[in-house]
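Yeah, the sequence shown ends on 1640 if you go by my numbering, and it's all consecutive.
Even glycine gets a Cβ: it sits at the ideal position worked out from N, Cα and C.
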Amino acid sequence: MLKIRDGREISLLPALTGCVAFLLGVSQLSFAEPTDVEPPAQFDRPNILLIVADDLGYSDIEPFGGEIDTPNLTSLAADGMRLINFHTAPTCSPTRSMIMSGLYSHQAGLGAMAEWVADNQRGQPGYEGYLNDRASTLPQQLKEAGYYTFMAGKWHLGMSEEHWPDKRGFEDSVAMLPGAGGHFSQQGINSRLPIVPYVQNGEPFQLPREFYSTEFYTSRAIEYLDKSKLQGGKPFFGYVAYTAPHWPLQVDSSYSEKYRGRYEAGYDALKQERLKRMIKLGIVPADVMPYPGSECEQPWSALTEEERAYKSRLMEIYAGMVDSLDENIGRLIDHLKAMGEYERTVILFMSDNGADARPIVGLGGESNFIANNFDNSLENIGSSDSFVSYGSAWAEVGSFPFRLHKGMTTEGGIRVPAILKVPESNDSRGQMLPAFTSVLDILPTFLDAARSDNVRTLNLPDTSMPVLVGNSLLPSLGGETVAGEGLYPYGFSVHRRQGLQYGSWKIIRLEPTVGTGEWELYDLEKDPSETSNLATSHPDVLAEMIVRWRSFADQTGIVISDEGARAPKECVLKAAVN
1063 MLKIRDGREI
1073 SLLPALTGCV
1083 AFLLGVSQLS
1093 FAEPTDVEPP
1103 AQFDRPNILL
1113 IVADDLGYSD
1123 IEPFGGEIDT
1133 PNLTSLAADG
1143 MRLINFHTAP
1153 TCSPTRSMIM
1163 SGLYSHQAGL
1173 GAMAEWVADN
1183 QRGQPGYEGY
1193 LNDRASTLPQ
1203 QLKEAGYYTF
1213 MAGKWHLGMS
1223 EEHWPDKRGF
1233 EDSVAMLPGA
1243 GGHFSQQGIN
1253 SRLPIVPYVQ
1263 NGEPFQLPRE
1273 FYSTEFYTSR
1283 AIEYLDKSKL
1293 QGGKPFFGYV
1303 AYTAPHWPLQ
1313 VDSSYSEKYR
1323 GRYEAGYDAL
1333 KQERLKRMIK
1343 LGIVPADVMP
1353 YPGSECEQPW
1363 SALTEEERAY
1373 KSRLMEIYAG
1383 MVDSLDENIG
1393 RLIDHLKAMG
1403 EYERTVILFM
1413 SDNGADARPI
1423 VGLGGESNFI
1433 ANNFDNSLEN
1443 IGSSDSFVSY
1453 GSAWAEVGSF
1463 PFRLHKGMTT
1473 EGGIRVPAIL
1483 KVPESNDSRG
1493 QMLPAFTSVL
1503 DILPTFLDAA
1513 RSDNVRTLNL
1523 PDTSMPVLVG
1533 NSLLPSLGGE
1543 TVAGEGLYPY
1553 GFSVHRRQGL
1563 QYGSWKIIRL
1573 EPTVGTGEWE
1583 LYDLEKDPSE
1593 TSNLATSHPD
1603 VLAEMIVRWR
1613 SFADQTGIVI
1623 SDEGARAPKE
1633 CVLKAAVN
């Protein structure tokens, strides 16, 4: 049940709220096909704005303990609630499929990123490599409920025309179709995609000559906000999916120069600096045991002076990108205020996954493409003709104090910063929500805010749809806690890495190229950084969680990739302590 602020309760879909219900196998429901029902009155419902950063680390921004200047996100956090235990998928497109569908990514079509689908997954339900038609999308449902819908930014949910944003519920859209590209142009990321495709309202789109991704998406979103005033009083749903601070690290030097010299002390010094602020803010407990690090890169003290200068500069550029991101989020907020719409707009800000540990020189054949097409000298990095990332050591700073980074089923890969502001939420202003929340809660929350029980499938022949398990977060912002009702299994299998959380218990299994290949067990309530593996000391709990994993995988259609599947290679990681 979703509780509305006036006390009514509406049933979206029965949630799997406990182990017994889940193991009994409640897996599909049927719903009536769409009808021409008049949408409810527009004027008493809030606008909804979803802002997604790309590969932003948990501790990067000021309201979560970071040193990078982010005054606008700090102000948003003061007006809303920080979700300090918010989870996504380990990588970009799976998270986006969950946002759009309210389903697990391996139900929604992105059980694996399209770029990394294994041979044994290809053609299997849930591994189509695009947002499939199992469920009506969030923008489609809100559009049918009387909302004007728009998006600007990264799509990454299907390259073919039939899968573009305009076919999935967005009335206005400008979108970068793939997962990454240059921030100053349509420069591609490898020889297979030398030019990055963009689309606008269902047509191929050529970027303007003067272009920077963060500024362009913001300006276009502002145009759509202005257009929303011409929609006959309709509220709007806006999705602004930035590509910053995803690699390539590129930003105008005025932003990166602001941080010149800031990172000369290195990785470990910055970790400790951030940890002190996080403890002071209450983001993590004072007795937290941070993950010690993977030892994937040399210690700062072992680097040469030239290596330290280069890596410091990489982090300066990254910080500049985050600074620019915050500035442009401020532009959105200021425009909402000028329109008189800020107070009546639900705003959710989040990152799509943990910080990215992609090697500085690139992955596989990509490294040759980069070497032949870009100037990555110290003097040039950050400019439009450079193409660099900042590597695993800085990524582990971004995910600190949690374990590892993007691509992993560990907390460092899936726990991200998130801020939720809703109208008339005085009780939650400036507060933090420590309870487990996830990207699966977004669709129920937004439909709750829209006062819509319009959850149904598309007009498909079998009209069947997997069960939604997420919960509205609005009662939590009102100070309510409903014991047990919000509990659901949360799991993934991506790049031969598995993980499942249920309550405070979590199991993970990392494939032998990056881990031991065995199940590990953690109590996240006591050990959120996953530093103490309890598999040996709690064999009964481990066995129970493995049974739960098998049932979860069966119920949701997980296909674990073959042993020889192509996947990003990482260094061999230090095993957790038994």
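Short CB-CB distance (under 7 Å) between residue i and chain B
i	result
Gln-1169	Included in the structure is just one protein chain, with no chain B present.
Burial state of residue i, where buried means 16 or more other Cβ atoms lie within 10 Å
i	result
Arg-1518	Its pLDDT being 46, under 50, Arg-1518 is placed unreliably by the model, and the measurement read from it follows with that caveat. Buried, since its Cβ has 16 or more Cβ neighbours within 10 Å.
Asp-1616	exposed
Gly-1492	exposed
Thr-1276	buried
Asp-1288	exposed
Pro-1133	exposed
Gly-1382	buried
Trp-1488	Before going on, a small fix: residue 1488 reads as Asn here, not Trp. Classification of Asn-1488: exposed, given that the 10 Å Cβ count is below 16.
Ile-1251	buried
Thr-1366	exposed
Ser-1222	exposed
Gly-1579	exposed
Ala-1364	exposed
Pro-1108	buried
Lys-1333	buried
Val-1609	exposed
Gly-1264	exposed
Gln-1312	buried
Pro-1310	buried
Lys-1373	buried
Gln-1183	buried
Gly-1474	buried
Pro-1347	exposed
Asp-1624	exposed
Ala-1511	buried
Pro-1599	Sequence check: residue 1599 is Ser here, not Pro. With fewer than 16 other Cβ atoms within 10 Å, it is exposed.
Pro-1270	exposed
Leu-1196	The residue you asked about is not Leu; residue 1196 is Arg in the sequence shown. With 16 or more other Cβ atoms within 10 Å, it is buried.
Beta-carbon gap between residue i and residue j smaller than 7 Å
i	j	result
Ala-1597	Glu-1582	yes
Ile-1476	Thr-1136	no
His-1225	Tyr-1192	yes
Ala-1242	His-1168	no
Leu-1505	Gly-1164	yes
Ser-1667	Phe-1498	Since the first residue of the chain shown is 1063 and the last is 1640, residue 1667 is not available in this structure.
Cys-1154	Asp-1388	no
Ser-1461	Gly-1402	no
Thr-1507	Ser-1534	yes
Ala-1480	Phe-1148	yes
Gly-1188	Gly-1619	yes
Asp-1116	Tyr-1317	no
Met-1143	Leu-1539	yes
Asp-1141	Lys-1483	yes
Val-1302	Ile-1113	yes
Tyr-1120	Val-1478	yes
Ile-1284	His-1467	no
Arg-1571	Gln-1560	yes
Pro-1227	Trp-1217	yes
Tyr-1329	Trp-1362	yes
Leu-1471	Phe-1554	The sequence as given places Thr at residue 1471; Leu does not occur at that position. For Thr-1471 and Phe-1554, yes; Cβs fall inside 7 Å.
Glu-1531	Tyr-1550	According to the sequence shown, residue 1531 is Val rather than Glu. Yes, these two residues count as a Cβ contact at 7 Å.
Pro-1152	Val-1556	yes
Phe-1299	Ile-1110	yes
Tyr-1552	Ser-1613	no
Anticipated Cβ contact below 8 Å, residue i with residue j, distance rounded
i	j	result
Trp-1456	Met-1377	5 Å
Gln-1268	Val-1258	Incorrect: roughly 11 Å between the Cβ atoms, too far for contact.
Leu-1204	Ile-1409	At roughly 15 Å, the Cβ-Cβ gap does not stay under 8 Å, so Leu-1204 and Ile-1409 are not in contact.
Gln-1186	Val-1459	About 37 Å separates the two Cβ atoms, so there is no contact after all.
Tyr-1047	His-1245	The structure shown has nothing for residue 1047, since the chain only spans 1063 to 1640.
Ile-1130	Val-1384	5 Å
Gly-1392	Met-1494	Incorrect: roughly 22 Å between the Cβ atoms, too far for contact.
Discussion item. Three or more C-beta pairs under 8 Å: does that hold for the segment 1412-1431 against the segment 1450-1470?
Written reply: Touching, per the Cβ criterion.
Worksheet item: In chain order, which continuous runs of the beta strand (DSSP E) of length 3 or greater are located wholly inside the segment 1199-1260?
Response: If we require 3 residues or more, the beta strand (DSSP E) runs fully inside the segment 1199-1260 come out as 1210-1216, 1234-1238, 1249-1252, 1255-1257.
Practice prompt. Within the segment 1102-1183, note down every full alpha helix (DSSP H) run reaching 4 residues or more, in order along the chain.
Written response: Within the segment 1102-1183, the complete alpha helix (DSSP H) runs of at least 4 residues are 1133-1141, 1154-1163, 1167-1170.
Practice prompt. State whether the segment 1562-1575 contacts the segment 1432-1444, with contact taken as three or more CB pairs (one from each stretch) at a distance under 8 Å.
Written response: Short answer: they don't touch.
Worksheet entry | Three-pair Cβ contact test at 8 Å for the segment 1155-1162 versus the segment 1172-1185 | Judged by pairs of C-beta atoms under 8 Å, the segment 1155-1162 touches the segment 1172-1185, as three or more such pairs exist.
Discussion item. Within 8 Å, do at least three Cβ pairs link the segment 1278-1297 to the segment 1201-1219?
Written reply: Contact between the segment 1201-1219 and the segment 1278-1297 is present: 3 or more CB-CB pairs across the two stretches fall below 8 Å.
Practice prompt. List in chain order: all unbroken alpha helix (DSSP H) runs of 4+ residues lying wholly within the segment 1367-1431.
Written response: Fully enclosed alpha helix (DSSP H) runs of no fewer than 4 residues occupy 1367-1401 of the segment 1367-1431, in order along the chain.
Discussion item. Runs of 3 residues minimum, wholly inside the segment 1559-1637: which ones carry the beta strand (DSSP E) assignment?
Written reply: The segment 1559-1637 contains these whole beta strand (DSSP E) runs: 1559-1564, 1567-1571, 1582-1585.
Fill in: 4-residue-minimum alpha helix (DSSP H) runs that sit fully inside the segment 1303-1338, ordered along the chain
List check, alpha helix (DSSP H) in window: 1315-1318.
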